[in-house]
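Quick notes on the structure that follows.
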Amino acid sequence: MDSILLGFTTLMDPGVLGFMLIGIVAGLIVGSIPGLNDNIAFAIFIPLSFSLSPTYALALMVGLYCATAVGGAIPAIMVKVPGTASAILTAVDGHAMARNGRAGQALGIAISSSVFGGFLSGLVLLFFAPPMAAFALRFGYVENFSLGILGMASVIGLLGGSVVKGLISAVFGLLVATIGFSQQSGYPRFTYGLDNLYEGVPFVPLLVGLFGITAVLELTEELVHDRRKGIKTADMPRITDSLLPSWSMMKRLMPTWLQCSAIGNIIGIIPGAGMLMAIYMGYERSSRRYKRLYEGKPGEVEWGKGAPEGIAAPESANNAVVASSMVPLLSLGIPGNSVSALFIGALMIQGMVPGPLLFMDHPDIAWMIIVGFLAANIVMGPIAFLLVRSISGLVFLLPKHVLVPTIALLCLTGAYSDENSVFSIVIALISGTVGYAFRKLDIPHAPLILALVLGRTIEDNLSNTLSISGGDWMIFIDPVGHPISVALMVGAVLFMVGPMISGARKRLQARRQQTEMELQNS
Amino acid sequence: MHVVKRIDFWSGLGFLILGAWAFMTARGFDATSSTYPMFLAAILFGLAALLIVQSVRDPDAKTVHPESTRILLLGPGMRIVAWGGWAVALAAGGGYLLPSIVVFALIAAWVAPVRKDWRHLLVAVGLVLVVFFMFYVVFDVPLPIVDALQDLLD
Amino acid sequence: MCKTVFGKGIVAALLGVALVSSPVFAADYPSKDVRIIVPFKPGGGVDTTSRILAEYGNKHMKNAKLVVENRAGGGGIVGQTFAAKAKPNGYTVLAMTSSVVTNPVLKETEYKISDFRPVALYNMDPEVIVVGAASPFKTIADLVKDAKVSPLSVTVAGIATSHHMAGLALEDSAGLKFTYVPTKGFGGQLQAVMGGHVQVALFPLGEIKKHADAGSVRILAVAADKRMAILPDVPTWQESGLNIKRWTTFRGWAVPKGTPDAAVAYLSDLLGKVSVDEGYIKQMTDYGYPIAYEDAKGFAEVVSDYADLTDKVIKKHGLKGK
Chain W
50 MDSILLGFTT LMDPGVLGFM LIGIVAGLIV GSIPGLNDNI AFAIFIPLSF SLSPTYALAL
110 MVGLYCATAV GGAIPAIMVK VPGTASAILT AVDGHAMARN GRAGQALGIA ISSSVFGGFL
170 SGLVLLFFAP PMAAFALRFG YVENFSLGIL GMASVIGLLG GSVVKGLISA VFGLLVATIG
230 FSQQSGYPRF TYGLDNLYEG VPFVPLLVGL FGITAVLELT EELVHDRRKG IKTADMPRIT
290 DSLLPSWSMM KRLMPTWLQC SAIGNIIGII PGAGMLMAIY MGYERSSRRY KRLYEGKPGE
350 VEWGKGAPEG IAAPESANNA VVASSMVPLL SLGIPGNSVS ALFIGALMIQ GMVPGPLLFM
410 DHPDIAWMII VGFLAANIVM GPIAFLLVRS ISGLVFLLPK HVLVPTIALL CLTGAYSDEN
470 SVFSIVIALI SGTVGYAFRK LDIPHAPLIL ALVLGRTIED NLSNTLSISG GDWMIFIDPV
530 GHPISVALMV GAVLFMVGPM ISGARKRLQA RRQQTEMELQ NS
Chain Y
255 MHVVKRIDFW SGLGFLILGA WAFMTARGFD ATSSTYPMFL AAILFGLAAL LIVQSVRDPD
315 AKTVHPESTR ILLLGPGMRI VAWGGWAVAL AAGGGYLLPS IVVFALIAAW VAPVRKDWRH
375 LLVAVGLVLV VFFMFYVVFD VPLPIVDALQ DLLD
Chain V
539 MCKTVFGKGI VAALLGVALV SSPVFAADYP SKDVRIIVPF KPGGGVDTTS RILAEYGNKH
599 MKNAKLVVEN RAGGGGIVGQ TFAAKAKPNG YTVLAMTSSV VTNPVLKETE YKISDFRPVA
659 LYNMDPEVIV VGAASPFKTI ADLVKDAKVS PLSVTVAGIA TSHHMAGLAL EDSAGLKFTY
719 VPTKGFGGQL QAVMGGHVQV ALFPLGEIKK HADAGSVRIL AVAADKRMAI LPDVPTWQES
779 GLNIKRWTTF RGWAVPKGTP DAAVAYLSDL LGKVSVDEGY IKQMTDYGYP IAYEDAKGFA
839 EVVSDYADLT DKVIKKHGLK GK
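Chains as they are written, first to last, in the working numbering: chain W, 50 to 571; chain Y, 255 to 408; chain V, 539 to 860.
Structure follows, in structure tokens:
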């Protein structure tokens, strides 16, 4: 308790709070500009942290890290272009809701869900970091492979139409993920001598292409279509309604928030699992729940056409990952993801090392970071509600035919900045084209993106497991040695079987109704 | 029975070729790293074949529409070409500003309500400068600069 | 830091403002900023040590500054190639690591090691054998005994890296048996050895020192010539009967071939000055990076020693072409 107080007193310094505020505002802005993300923002703050005191620099980074995911939801809802990868699913229901004239509600739900998810994971970081870190350490090659399988299985529930197309999308993604060095032998696969592909297809430009450029191409299609038909293109949605979600809406979203925050927290503490997996898993669970409880009821839209849960799920999941990804970093010194790895750099410049030693040598800083995540989420809510009107208003400064190329230029320049190379631009263009082609061919995106995220995890952990176990496959379902893996595998099977059973039940019900009707008629 | 007009038939064929090509390429990798991609490529091939069969059998399959194809080529198609050309100009040492302004102005004018309007160029210059400022100055990204200008800066 | 960049941006924005600069190598070197090309993304060991160096180096520079520029990709190859092809005018410096030596041998790179001129070395990181805190191996002797009987699983940061080669060299010289479990980067390795998912890990000292201090892992032996002052109780590999005198990765500066001698001498001296700066020494040791300094000549020897050592392993184990 003393240590928590120490963290609070450090944080209460007006300078520290000020820098946290700067971080939050900067994060909201950076997140809301497609093509810019927290990685690039952090990269400029790391050298800056030389001249700042460590508490200031870290407060700034905490604020920034918490806020970018919220900022990313703004263009996702207003323009259907996610500002960051974390808002990739928010764009679906969020933009649909905005087009229904409820842009304010959509933004309000996004912000409140983010704050809730972020706050909850801040609490986890504050009170449960040591036991959670011990849990994270139990994830070895066996468990990580099973986790990857679980992630891939979760996508089955999201397949609407053709199962074959969903599987094609997944396998295509897994195949793309094999590009680059084989971790097992070092052999460069499908690289054709291109140095830039050695480490695999660079991930940031790949994602920027898939969500940014694909969206730009869709907007272009709309523009050209309207132009040829002589229709005046529909305006971008405006905020006409209240931003604050009503009390009954909050009560309704509470189960979704809790469920998705829990998923985000668990995925977040496991090093290497990643934010996108948490978002998709939360989204899948919520879609299942929404279809059971609300779909078809009066006043409720179809899933994907503006359901409040469709915004709440990804937004609470992504912010729940933020603070919990700091659990392995602060307690063990193991970076949870690429952004928390940048925290190492910032600490290192100050001569500090994340991990248990940080709590011994610099308890004030260690606890300030932890308390900071909690504080940042509390402060972020009001700031976001204040800023969101002006940020989303910016969209209307530009007419649509100018806005679309601006977004394209931002995305492509952002892709360039990832490795400072034109090659990254080409990757973004190609992946954007592929993403757009998938849309046109009715091939779902979700399996592709999850496969790209998890492909390497699955292959590398599988081969590492097999080389340790001497080729024994049963190790994945060994209840004594690897109980977590068994649980994950059972979960994966349930994910796969669930939709099949509910589908069968629906068909059975339909048939029963039909026979009843026939009986009545006869 | 216009199989050739069906979208799924063509995407199936595309993935079939991709799967076969990936399989053949992966065969050339060393033994430890080839099994997994070969396995994936084979599955992709099989799924693609299944998709083709489905599209042939399905009487209500979605077909290609000439007008939407035209829009596809004129809109997104042209954009990809334009930005691709921009990337080539950047790589060839054309700097960042000039290619960006040209491509931006062309694209904006193409879908604008009034095409021939000198203001498109003005808007392009303004916005490209804003983006350039943001990345080059604020975010310290070493964007490509024309060699002559770089020497001048040095 | 934004001042110069800001200035540059303004100038670039206002096309056509003439600035006078002489293309000939001048006595007033450095008259403009020297960029240190870091072939990795921000946040890693090379990036951070380069930034610390730049910070302290700038204290000794008058008219110009050291500026870190990240050119990541291809496991370092993209940035290394970029630096090799840069104008040899003394204003482009590569943050050189051991991989510059092995990459051209192992992979098809566009540069050769001879395309670079070593400037100076600032850090030597000896390889260490590490086990988790809960490992049954209390001493290196325990480990050697078991490793001679049946293979131990050992995690290394990637196949054909210096760390993997260290393991292969141990197999050759001491008769140990290892099963390699490659991971991407040091974070994954740490997770595996701390969680007991592998038996052993091979690390460069700088990446693991602080975790050993915290008690989450144990360092059993270090591949340095003699016992290190910061690890008085840890035997060297030679003392442990492993028959390898030294196995270290290094960090230093290199410039493209053809860079004028005066520039190399200036930069080499600069690193020398920084390496005795108290603030710099404190910051590097705080993090656990052993400080070393070799001038251009000494660094060249280190590089060629390392090339000989690794060449042997690469040839013997057929790592080439992978």
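Every residue, glycine too, gets a C-beta built ideally from N, C-alpha and C.
| Query | Result |
| --- | --- |
| For Gly222 (chain W), the nearest candidate out of W:Ser102, W:Gly80, W:Ile498 (CA to CA) | W:Ile498 |
| DSSP-derived helix/strand/coil call for Met299 (chain W) | helix |
| Contact residues within the region 327–344 of chain Y, judged by C-beta distance below 8 angstroms to chain W | Leu328, Gly329, Pro330, Arg333, Ile334, Trp337, Gly338, Trp340, Ala341, Leu344 |
| Gly353 (chain W) versus Gly359 (chain W): straight-line alpha-carbon distance, rounded | 7 angstroms |
| The beta strand (DSSP E) enclosing Gly442 (chain W), as first and last residue numbers | Note, Gly442 (chain W): premise wrong, no beta strand (DSSP E); alpha helix (DSSP H) at 412–442. |
| Enclosing alpha helix (DSSP H) for Arg341 (chain W) [first to last residue] | 324–342 |
| Run of the alpha helix (DSSP H) containing Ala134 (chain W), from where it starts to where it stops | First-last for Ala134 (chain W): undefined, no H or E at that position. |
| 8 angstroms Cβ cutoff, Asn245 (chain W) in contact with chain V | yes |
| According to DSSP, residues forming a beta bridge with Leu604 (chain V) | V:Val572 |
| Which listed residue (W:Leu208, W:Ser234, W:Ala327, W:Glu192) has its alpha carbon closest to that of Pro532 (chain W) | W:Glu192 |
| Per DSSP, cross-strand counterpart(s) of Trp791 (chain V) | V:Ala633, V:Ala658 |
| Inter-residue CB distance, Ser287 (chain Y) and Gln233 (chain W) (contact presumed, cutoff 8 angstroms) | 6 angstroms |
| Short Cβ contact (8 angstroms threshold) for Ala202 (chain W) with Met545 (chain W) | yes |
| Where Asp87 (chain W) sits in the DSSP three-state scheme | helix |
| Short CB-CB distance (under 8 angstroms) between Ile318 (chain W) and chain V | no |
| Positions along the region 266–281 of chain Y whose CB lies within less than 8 angstroms of some CB in chain W | Phe269, Leu272, Ala276, Thr279, Ala280 |
| Glu832 (chain V) - partner residues in DSSP beta bridges | V:Leu659 |
| Below-8 angstroms beta-carbon distance, Asp824 (chain V) vs any chain W residue | yes |
| Buried or exposed (CB count within 10 angstroms, at least 16 for buried), Leu342 (chain W) | exposed |
| Alpha carbon of Val365 (chain Y) to alpha carbon of Gly617 (chain V), nearest angstrom | 40 angstroms |
| Alpha helix (DSSP H) runs wholly inside the region 490–547 of chain W, at least 4 long, in chain order | 495–518 |
| Local Cβ density within 10 Å of Met69 (chain W), reported as buried at 16 or more and exposed below that | buried |
| As assigned by DSSP and simplified to three states, the class of Ala759 (chain V) | strand |
| Spatial distance of Val841 (chain V) from Ser636 (chain V) (CA atoms) | 8 angstroms |
| Proximity test, Cβ basis, 8 angstroms: Asp751 (chain V) and chain W | yes |
| Beta carbon of Val622 (chain V) nearer than 8 angstroms to that of Asp653 (chain V) | It should be noted that the sequence gives Ala, not Val, for residue 622 (chain V). For Ala622 (chain V) and Asp653 (chain V), yes; Cβs fall inside 8 angstroms. |
| Contact with chain W by Ala315 (chain Y), beta-carbon distance below 8 angstroms | no |
| Helix, strand or coil at Val738 (chain V) according to DSSP, with G and I counted as helix | strand |
| Every unbroken beta strand (DSSP E) inside the region 779–824 of chain V [3 residues or more] | 786–794 |
| Residue-chain proximity (Met662 (chain V), chain W), Cβ-Cβ < 8 angstroms | no |
| CA nearest to the CA of Gly573 (chain W), picked from V:Gly826, V:Ala834, V:Glu665, V:Ala750 | Residue 573 (chain W) is absent from the model: chain W starts at 50 and stops at 571. |
| Neighbouring residues, chain Y, relative to Asn469 (chain W) (Cβ below 8 angstroms) | Val395, Pro396 |
| Within 8 angstroms, strictly: CB atoms of His450 (chain W) and Leu272 (chain W) | yes |
| Beta-carbon proximity of Val119 (chain W) to Val444 (chain W), cut-off 8 angstroms | no |
| Under 7 angstroms from the C-beta of Ile361 (chain Y): neighbouring residues of chain W | Pro454 |
| When W:Leu107, W:Ala425, W:Thr564 are compared against Phe43 (chain W), the one with the closest alpha-carbon | Residue 43 (chain W) lies beyond the stretch modelled for chain W, which goes from 50 to 571, so this question has no answer here. |
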